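Please read the structure below before turning to the comments.
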Amino acid sequence: MKNVLNINYERFKLKNNLDVVLYKDESLPIVAVNLWYKVGSANEKPGKTGLAHLFEHMMFQGSEHVPKEMHFRYIQEAGGTLNGSTSIDRTNYYESVPKTALEMVLWLESDRMGFFLPALTQEKLDNQKGVVANERRQNYENQPYGLAWEKLFAALYPPEYPYYWPTIGWMQDIQSYTLEDVRNFFETFYSPQNASLVIGGNFDPAEAKELVESYFAEIPNNAKVPALNVPFPVLNETKKIIHEDNVQLPRIYLAWISDKLYGPDDAALDILSDILTGTKSSRIYKSLLFDKQIAQDVNSFQYSARLNGSFIISSTPKPGIELHTIREEIFKQIQGVVENGVTEEELKRSVNSFKSSYIYSLQNLNNLVDQINNYTCHLDEPNSFLYDIGRYEAVTTEDVVNAAEKYLNTNFVELNIVPKK
C-alpha cells in the first residue's frame, strides 16, 4: 500500500451539505464505502435510550426502492461484505465491494438516507425491537460480567449526562419504542448535513463524484440537529458497587473520568495503560500474574469519546484471592508511577507498540477508510494520520506521570462483580 500515513484525497460538499471524501488507491482490487452519521447513544434522551443502535438494525430492513433484507443480498451477490456499528458518538455503515459494484452501493446508501421513512412499518419495528431485546439478553443480561460496562458508566455520570446509559439502551426503553419515536429520531439525525461519506480504493474519482452527485444531491436537508452542550463531568465522590452475577469467579473494575478523544492527555493515557497492563513485562500485569501470582488476567484502556473519556482497569483474581487484595496492588503500582515515574525504555517500547499496531491496522482498506472518516468528523482533516501518530511520539515520561496523577489520583468507581450466593 502507498504511503498510508500521508494520503492524497479530494473533499467536497454537496448542496445539501453532505461531506464527501474520495481516496484513490489503484493498488487494490476493491472499493470501500464508509458512511458516518454523527449520531450515537449520546444524542438520545432518558426514556428513549437505544434508538441509535436500533437504527443500525432498522436501516437494513429496506427503504422505498429496496425491499426488506435485500441490502445484504445485493452486496453479497456482488462479492462484497457489509456491516454497521454504533457507538456513543456515531453510527457507521460500511461496504467493501469489487469496483464494478460502486454505483450499486451508492444507490443503496442514498435510498435509505433519502427514502427510509416511506418503507417504515409497525411490523418491521416490532421485529427489530424483538431482535434488539434478544441481543441485550444474550450479550448483556445473560453474559457473564455482561452488565459491567453499563454499571460503571451509570455510576461515573449523573442520569442526565449523555454517556450515562448503555449504547444498546435500557430494556424498558427498547420495548416501548413507537413508530413516532423512530420517525422523529430519523428526521432529526439522518440527513446529509449530519453525515460524512468516504470512498476509498480502486475507482475513478470523476465517475464517483458524478455518482455521488446523482444519488445524494437531491436528498433534502430538513434535520435540525440539537447541539450537545454539556459541562465536563465531575465525580464528586468515590463509589463502590457490588453486583451479584452468574459467574464462577469475582472480578474488579476501576473507572475514572479522563480526557476526551484527541484531548491533550489522550495519548499519554493510552501509553499509561500500556505501561500498566499492555505486555507481560508491564507494571500491573507483571505484579499480579507473575510476581505475586494472585490474578489470572488484568486489562486497562483509555476509552476516548467526543465529550470526555474514561480510564478503566479490570482484573479477575485466582480462586481464593479477595478482590481487595487485587485492588491494593493495582493502586500500589499506580502510585509507583506517580512517585517514581516511568523509564525512557518503557515509554519507547510503548510508543513503538502503538505505532506498529496502528500502521498494521491501516493495511486493511476498511480500517483505513473508517479512520479517514474518523478524522474528517472529529478533526475536520481527512489526512490526519501523521498528526495522530505524532501525538504518541511527542509524549514524554513526564506527560505519563502527570496523566496518572491528574486522572488516577481522583475519585473513581469500583465495581465488584461477585458470584450469586
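Converting from the sequence shown to this note's numbering requires adding 889 to each position, the first position being numbered 1. Note that beta-carbon positions come from the ideal geometry of N, C-alpha and C, so glycine has one too. Fair warning: this is a prediction, and the values are worked out from it, not measured in the lab.
**Study point:** Cβ-based neighbour list, E1049, same chain, cut-off 8 Å, excluding 5 preceding and 5 following
**Key:** Non-local beta-carbon contacts of E1049 in its own chain, meaning distances under 8 Å to residues more than five positions away in sequence, involve P935 in chain order.
Practice item. Return yes when the Cβ of S1162 is within less than 8 Å of the Cβ of Q1191, no when it is not. Key: For Q1191 and S1162, yes; Cβs fall inside 8 Å.
Review point. Is T900 helix, strand or coil by DSSP?
Key: At residue 900 the sequence reads Arg, which differs from the Thr that was named. Residue state, collapsed to three classes: strand.
Practice item. Check whether the stretch 967 to 986 touches the stretch 922 to 929, counting contact only when three or more Cβ pairs, one atom from each stretch, lie closer than 8 Å. Key: Touching, per the Cβ criterion.
Review point. How about L1117 and K1149: are their beta carbons less than 8 Å apart?
Key: No.
Check your understanding: Between K891 and L1257, what straight-line distance do the alpha-carbon atoms span, to the nearest angstrom?
Key -> With a pLDDT of only 45 at K891, under 50, the local geometry of the prediction cannot be trusted, and no value is derived from it.
Point to revise | Bridge partners - R1140, DSSP secondary structure assignment | key: Beta-bridge pairing links R1140 to I1306.
Exercise for review: List the residues that DSSP assigns as beta-bridge partners of V922.
Suggested key: E984 and I1088.
Check your understanding: Taking C-beta to C-beta, are L1275 and N895 nearer than 8 Å?
Key -> Taking the C-beta atoms as reference points, N895 is found nearer than 8 Å to L1275.
**Study point:** Residues near T1077 in its chain [Cβ-Cβ closer than 6 Å; skip 5 each side]
**Key:** Closer than 6 Å at Cβ, skipping near neighbours: A1112.
Review point. So the beta strand (DSSP E) A1156 belongs to, where does it begin and stop?
Key: In the DSSP assignment, A1156 falls outside any beta strand (DSSP E) and within the unbroken alpha helix (DSSP H) covering D1155 to T1166.
Check your understanding: Which residue from G951, S930 and I1306 puts its Cα closest to that of D1134?
Key -> Checking every option, the nearest Cα to that of D1134 belongs to I1306.
Review point. In three-state DSSP terms, what is L894?
Key: In the structure shown, L894 sits in coil (DSSP, three-state: anything other than H, G, I, E or B).
Practice item. Check each candidate in D1154, I1063 and M959 and name the one with the smallest Cα separation from S930. Key: If we check each option's Cα against that of S930, I1063 comes out closest.
**Study point:** Straight-line Cα distance separating M948 from N1016
**Key:** Looking at the two C-alpha atoms, the distance is approximately 13 Å.
Practice item. Counting only runs of 3+ residues fully inside the stretch 1049 to 1103, write out the beta strand (DSSP E) ranges in chain order. Key: Listed in chain order, the complete beta strand (DSSP E) runs (minimum 3 residues) inside the stretch 1049 to 1103 are 1084 to 1090.
Point to revise | Per-residue DSSP class, three states only, for V1284 | key: Here DSSP, grouped into helix, strand and coil, assigns V1284 to coil.
Check your understanding: Nearest-angstrom Cα distance between N1291 and S1199?
Key -> Going from the Cα of N1291 to the Cα of S1199 covers about 16 Å.
**Study point:** Sub-8 Å separation of L1036 and H1132 beta-carbons
**Key:** Yes.
**Study point:** Beta bridge counterpart(s) of V1258 as assigned by DSSP
**Key:** V1258 is not bridged to any residue.
Check your understanding: Taking just the CA atoms, how far does E1235 sit from K1013?
Key -> Distance between the alpha carbons of K1013 and E1235: 53 Å.
Check your understanding: For the beta strand (DSSP E) that Y912 lies in, which residues bound it at each end?
Key -> Where Y912 is concerned, the enclosing beta strand (DSSP E) stretches over D908 to K913.
Check your understanding: Tell me which same chain residues have a C-beta within less than 6 Å of the C-beta of L1212, skipping the five on either side of it?
Key -> Closer than 6 Å at the Cβ level, and outside the excluded window around L1212, lie P1139, I1141 and N1305.
Point to revise | Residue span of the alpha helix (DSSP H) that contains T1214, given as start and end | key: Element bounds for T1214: L1212 to N1229.
Review point. Nearest-angstrom Cα distance between H1267 and P1206?
Key: Those two C-alpha atoms are separated by around 38 Å.
Check your understanding: Quick one, are the C-beta atoms of N1332 and S1085 less than 8 Å apart?
Key -> The structure shown does not extend to residue 1332, since the chain is modelled only from 890 to 1310, so the question has no answer here.
Review point. For L943, which residues from the same chain have a beta carbon less than 7 Å from its beta carbon, with the 5 sequence-adjacent residues on both sides left out?
Key: Closer than 7 Å at the Cβ level, and outside the excluded window around L943, lie Q1017, V1021 and Y1066.
Review point. Comparing alpha-carbon positions, which option in Q1185, V928, Q1137 and F1092 lies nearest P1308?
Key: Ranked by how close their Cα comes to the Cα of P1308, the residues Q1185, V928, Q1137 and F1092 have Q1137 in first place.
Point to revise | Residue range of the alpha helix (DSSP H) that includes E1233 | key: Boundaries of the alpha helix (DSSP H) around E1233: E1233 to S1250.
Review point. How would you write the range of the alpha helix (DSSP H) that A1044 sits in, first residue to last?
Key: That run of the alpha helix (DSSP H) goes A1037 to L1045.
Check your understanding: To which residues of the same chain is V1226 closer than 8 Å at the C-beta, ignoring the five residues directly before and after it?
Key -> For V1226, where only same-chain residues beyond five positions count, the Cβ hits under 8 Å are L1161, I1164, L1165, R1172, V1289, V1290 and A1293.
Check your understanding: Considering only the beta carbon of each residue, do K1181 and E1218 sit closer than 8 Å?
Key -> Going by C-beta atoms, K1181 is nearer than 8 Å to E1218.
Point to revise | Spatial neighbours of H954 in its chain, beta-carbon cut-off 7 Å, leaving aside the 5 residues before and after | key: Excluding sequence neighbours, H954 sits near D1000 and F1004.
Check your understanding: So D978 is in the beta strand (DSSP E); what residue range does that whole segment cover?
Key -> From DSSP, D978 is part of no beta strand (DSSP E); its letter is neither H nor E.
**Study point:** Environment of F901 [buried if 16+ CB atoms lie within 10 Å]
**Key:** Exposed is the call here.
Point to revise | Residue(s) in a DSSP beta bridge with H1132 | key: H1132 is bridged to I1306.
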